[in-house]
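Student: Chains as they are written, first to last, in my numbering: chain A, 1170 to 2220; chain B, 161 to 606.
1. According to DSSP, is residue 1246(A) helix, strand or coil?
2. Leaving out the 5 sequence neighbours to the left and right, which residues in its chain are closer than 7 angstroms to residue 499(B) when beta-carbon positions are compared?
3. In chain A, what lies closer than 8 angstroms to residue 208(B) by C-beta?
4. Using the beta-carbon of each residue, which ones in chain A are nearer than 7 angstroms to residue 203(B)?
5. For residue 188(B), which residues does DSSP report across the bridge?
6. On the DSSP bridge assignment, give the partners of residue 1952(A) in chain order.
7. So, for residue 1511(A): in the same chain, excluding its five sequence neighbours on each side, which residues have a beta-carbon less than 6 angstroms away from its beta-carbon?
8. Can you find a CB in chain A that lies within less than 8 angstroms of the CB of residue 551(B)?
9. Inspect the beta-carbon positions of residue 2263(A) and residue 1362(A) and report whether they are closer than 8 angstroms.
10. Using only CA atoms, which one of 596(B), 324(B), 549(B), 585(B) lies nearest to residue 212(B)?
11. Output, in chain order, the set of chain A residues within a Cβ distance shorter than 7 angstroms of residue 587(B).
12. Would residue 1718(A) and residue 1796(A) qualify as a contact pair, given that the criterion is a beta-carbon distance under 8 angstroms?
13. In chain order, what residues of the same chain have a beta carbon less than 6 angstroms from the beta carbon of residue 2105(A), not counting five sequence neighbours either side?
14. In this structure, how does DSSP classify residue 1622(A) when only helix, strand and coil are distinguished?
15. Against residue 440(B), what residues of chain A qualify as contacts under a CB-to-CB distance less than 7 angstroms, listed in chain order?
16. Between the stretch 1733-1752 of chain A and the stretch 1789-1804 of chain A, can you find at least three pairs of beta-carbon atoms closer than 8 angstroms?
17. Considering only the alpha carbon of each residue, which of 2188(A), 1496(A), 1920(A), 1555(A) lies closest to residue 1353(A)?
18. Grab me the residues of residue 1263(A)'s own chain with a C-beta within less than 8 angstroms of its C-beta, minus the 5 sequence neighbours each way, in chain order.
19. Please state the DSSP three-state secondary structure of residue 284(B).
20. Could you tell me if residue 1868(A) is buried or exposed, where buried requires 16 or more neighbouring beta carbons within 10 angstroms of its beta carbon?
21. Using a Cβ-Cβ distance cut-off of 8 angstroms, determine whether residue 493(B) contacts chain A.
22. Look at the alpha carbon of residue 264(B) and the alpha carbon of residue 343(B), and state the distance between them as a whole number of angstroms.
23. In the DSSP assignment, the beta strand (DSSP E) including residue 1901(A) goes from what residue to what residue?
24. Could you tell me which of 1245(A), 1840(A), 1811(A) sits nearest to residue 1731(A), measuring between CA atoms?
25. CA-CA distance, residue 1981(A) and residue 1411(A)?
26. Whole angstroms are fine: how far does the CA of residue 443(B) sit from the CA of residue 555(B)?
27. What does residue 1987(A) reach in chain B if we use C-beta pairs closer than 8 angstroms?
28. Enumerated in chain order, which unbroken segments of the beta strand (DSSP E) with a length of 3 residues or greater are wholly contained in the stretch 1449-1506 of chain A?
29. Kindly indicate if chain E contains any beta-carbon less than 8 angstroms away from that of residue 264(B).
30. With burial defined as no fewer than 16 other Cβ atoms inside 10 Å of the residue's Cβ, what is the status of residue 411(B): buried or exposed?
31. Using 10 angstroms around the beta-carbon of residue 2037(A), count the other beta-carbons present and answer buried if the total reaches 16, otherwise exposed.
32. Quick check: the Cα distance between residue 1370(A) and residue 1311(A), rounded to an integer number of angstroms?
33. Name the chain A residues whose beta carbon is nearer than 9 angstroms to that of residue 200(B)?
34. I'd like to know if residue 168(B) contacts chain A, where contact means its C-beta is closer than 8 angstroms to some C-beta of that chain.
35. Pull up the distance between the alpha-carbon of residue 489(B) and that of residue 422(B), whole angstroms please.
36. Give the DSSP-derived three-state secondary structure of residue 1120(A) in the structure shown.
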């Protein structure tokens, strides 16, 4: 010991490096093994006890980093004892450093509201092109609805019926007005979710759906330069087309023969519109006329029996998707200056060969130019380019709202592209071609090659901020942000594309066999551009003062925001891209259409302009007082005025407010529960708002360019009758929570209750008022949305080998309490559950059904009328709502995630399980009306009732002709087709290996991480017995498995 | 100092109000000018189309094969054809809601005009717009009355259930059914005032003119069996336009030989299509056979359609039915009024004025009548033949059924099923859509 002391004392004079020892622990005193401690060029890693030894001199700065923790810095002031360093977890635990509201950063300890912070570690656990999808499975209360393409995310359920449902997204300090997909996830340092009123009220009338605050990566004053480079590539499978419940070709042909015998197609055969008849019907017509022998007909049909168009689609349209991501980030800082620079490049090819590319560049700087003043500036530039690819399975459809027949073939056995039925009969196409018209056939595998549809966007954000300390406690802050974005889209449909040929042909005029072309024979070019220009300015006073026993943090300020969107679109005909010419067309004259001379149409001009401006003027204040570090009270106030509201609402200017309190029990002298060293209780209440941008307080009319054949010149229609009382929706939120951190178990439990009033809904009106739809948007509803969010992390094993389990759990139950029902008729409540169906006492997305009494001996489905089984489908359709079966919510009531993470010597393995319970969905089945008229079959057809006795083991009704639409609609909405949605799925697995220079001296970089990530692995358990994935609706196929390999290196 | 602060606050307050007055969407205009109201009334896409066609489906000019009937996708169409009661309940837009949409447009314009004091330069335009708004409202009320009210019966008109007369654009106003008498009084008031205000000539045929308002009044008076009054309105209408189209100038081989916006058209409006369109909708074969061989209408109106004959003579020159007003209708209405008034020769002159333009040139032998009864028989037969598929047959059936000489029982046969419609059946009054009854509380038709 003496020697050591001697050495330490002597060392500065000797000028030789000494060694310091220290210990890295968590706040609770748990050692952190494997942390990297760096001094200048040398680094080491902590042992299982958290201890380290490193050469250092007085005044040196040690940098301590570890995945999953915020980096820490320790300056060597004296080299005497063991330095103890605590690392703060980067994950959202009680100890997470600060929460960002977009107006201020608060120490989490002093926050009374409900915040979830998703740190860098968790954000980079998954791999996606955009930021928001990375939040999936990271925080409780966050729900991703993927039933329709393009997932929508919601925080703590939905508190609005029709107004915007998306949370407000803030990037650094201001709402992001552009496309959030512009943000490169590599630039994001953390995301804070503001979930309750105290957290979000500061955002006023737009905060009711919760707020997502994205904080970007910036340099820190005094931080060593750090360069990190990431690269990854993802390969995603083709979607499983065979999961579509398509009817077999043989069955489909059977139905067509059945209908043909009934004369169903007779009137269509002489259709003046030359409506297409399916290839099989054409064969049957030929056989009937004797042009085809009975034997030849059968032979032709047998050939079609085994065709399945999905095979062709899978083979010729789909491919594996590939996504690549590259990013480099440099951050660092001097004594009074910090900088961050990042560059990113993404390139995607989707399953249909559509491409997407994105370049991002971000530069941020901050200067402390005096002891009182500092400046910040950031510039962000994003450029994207996208191009459409091949048509998808749902894009290839014969016209007139028909589905493709299952025996369609996209290519012959040699791979040559084949035509598929489109708008007109085959015989008519041949005749038209003979008359000199352009070939009217539609060849899906050729068509897309003649369409060049591209979208390019540029987005620039300029962010300036200045802070000036007026006194030690009071500072003045001014911020300004400009965002300018421009999107240009061009769609050139060459003469090879069906759409162009069809347009030319439709308008072709034939006078005695001589053809003239009102629409020129050439490409059609559509151009569209839109420009976003948003300004936001804010002035804010901040007060921070600590006294011996208490401390006060307060802000107050005002804000003005404007977001202007303007756009235009234009179409030219006869475009020649080689010499950039086009041909004028006459939009005023009305032309007889070639395929049906009784129809007349003008050439629709496709030119238009739009311009919208949203303006907000807001003032806000927010204060929190903490006494003795134990008791905190907080309050906030905000007032918004906007050009969206009517004068009356603006004048009333009801302020939105919140109040909250928290109590850190662990700091009380009586607190002695050593197993749980930290414990905090908190509660808040307040009001947020929500705005429906599409509404206006006044009677509005919309102008249209002359597009009808009656008049030349503009005309107008009433778009909305006056609503002088329009106002924003108000949501009052109560939140109560408990946060704890123990040696093993850490977490929080929160209860919330959101009471929404003045909800904008479709008020039923008597259509006689002149509004045929019979509904008008008004502030008419109220609802209650309650829930519990739980987050628990258990460090089960915490040594050289680590095992931790994180459980995210949410219970959300919403109930509409007030709504003037649109309809008491049952039919209005029988939906897919995707659109909101307001029903008092029920959640917004709900599943109702007709009671089901099985099939009768004739194969007819039976409902219940007056308590008795009945097939009076008219009476069934008039079932009052009280006579329907209510199943429950169409969105999960209980949902969450379970993530297991294992560490061992730099290897980290984690798997995320998702569970969703307590909800229902409506399964599709055969609907004979759709089958006959829209060619939409369903594999249930093969299970239909066919002969007496079948009713004992099938619930699929018999096929009858003529179709009774009420019977079809009854079966479609009967309880027999409602299934429980509950499921558990393995969402993803990640395997990473981190190698650090401290351990592997040969490494040319400070650290490097390799990882593999598998996403959408599959359902482990589901409640329904039909193999259906309830989280994807109808023809929206489940996301296929995606595998990623990636690399991250830090220099 | 404090003064400056107050001043600054006031300034920001004022500029803030102005800053927030900006329209959020430039295309969403708060209607306030004559230009806006003119544009609304030019919204032909909303107020000149989809005029009620239920009566055409339920009338005796049309028939469907059992196969086509079975293949009809729409419940309302099937039930209208067989005089069932479940009609207008499968679509938001129907024969009740569409006319009331025109009423809303008219009321919006009328209320807006009430807030504009025209100067000398704009008085003409102001009058035109007010006249047009009243015309659209009056015609909509008239069309509704033909579908949803009992045929006019002067003995019971003050107690018979009329339509809802919506005289303001306010959504909050509660709907109440007026009596049939009050309904017709309102139609007459709207149309007479419109006739006084409207100009003689209009830029587009979808805009009403003076003659159109008078022609609409003749319909109103005729359906009320006020033949003297109807004749007077016919005289007024024909003062402004008495032209007739010579069918000898038309090309029968064209898909739709009668040109659109032709010189007979006083006001252009169209009605439904759907099941009325050939080859599904077929023309009654007896009716078709009643056209003489040298009657050009035989080839101009009709073409073979499937197993029957289809109607191709729409004045819209398309498969949409013409449901506007034209001079031929005014001539024929006047002929009937004259005959009923005992003036047989003048009546036959009016009838022949139309028919000479319909027969092959040089082959027409003018019709004669020995007495009132003979004249009336011929005129009523010719009325059906000239004005078929114009939305008039239903009103004529309802009116003529009140006269034992002309009453008919309609019959439909679908497979083995036979449906009949007696002359005095309550099914001559269509039921009002169920959702309207539910939300407004107005009484349903019997």
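Positions of the beta carbon are idealized from the N, C-alpha and C atoms, including for glycine. Predicted, not measured: the structure shown is a model, and the values here were computed from it.
Tutor: The short version:
1. Per DSSP, reduced to three states, the secondary structure at residue 1246(A) is coil, with no helix or strand assignment.
2. 507, 532, 535, 536, 539
3. In chain order: 1879.
4. 1884, 1885, 1886
5. DSSP lists 1871(A) as the bridge partner or partners of residue 188(B).
6. Beta-bridge pairing links residue 1952(A) to 1925(A), 1985(A).
7. 1356, 1498, 1531
8. no
9. Any question about residue 2263(A) goes unanswered here, given that chain A covers just 1170 to 2220.
10. 549(B)
11. Within chain A, no residue comes near residue 587(B); the closest Cβ sits about 17 angstroms away, beyond 7 angstroms.
12. yes
13. Residues 1572, 2099 of the same chain have their beta carbon placed closer than 6 angstroms to that of residue 2105(A), with the five preceding and five following residues left out of the count.
14. strand
15. 1436
16. no
17. 1496(A)
18. Any reading at residue 1263(A) must be qualified, since the residue scores a pLDDT of 39, below 50, and its modelled position is unreliable; no value is offered.
19. helix
20. buried
21. Chain A contact via Cβ: absent.
22. 17 angstroms
23. 1898-1910
24. 1811(A)
25. 34 angstroms
26. Rounded to the nearest whole angstrom, the C-alpha separation of residue 555(B) and residue 443(B) is 18 angstroms.
27. Residues of chain B passing the Cβ test: none, with the nearest at roughly 18 angstroms.
28. 1490-1502
29. Given the protein chain composition of this structure (A and B), no chain E is represented.
30. exposed
31. exposed
32. Each residue's alpha carbon lies about 19 angstroms from the other.
33. 1870, 1884, 1885, 1886, 1887
34. Interpretation of residue 168(B) is limited by its pLDDT of 43, a score under 50 that renders its predicted location unreliable; the figure taken from the coordinates is listed afterwards. Output row for residue 168(B): interface = no.
35. 14 angstroms
36. Residue coverage of chain A in this structure runs from 1170 to 2220, which leaves residue 1120(A) outside it and unanswerable.
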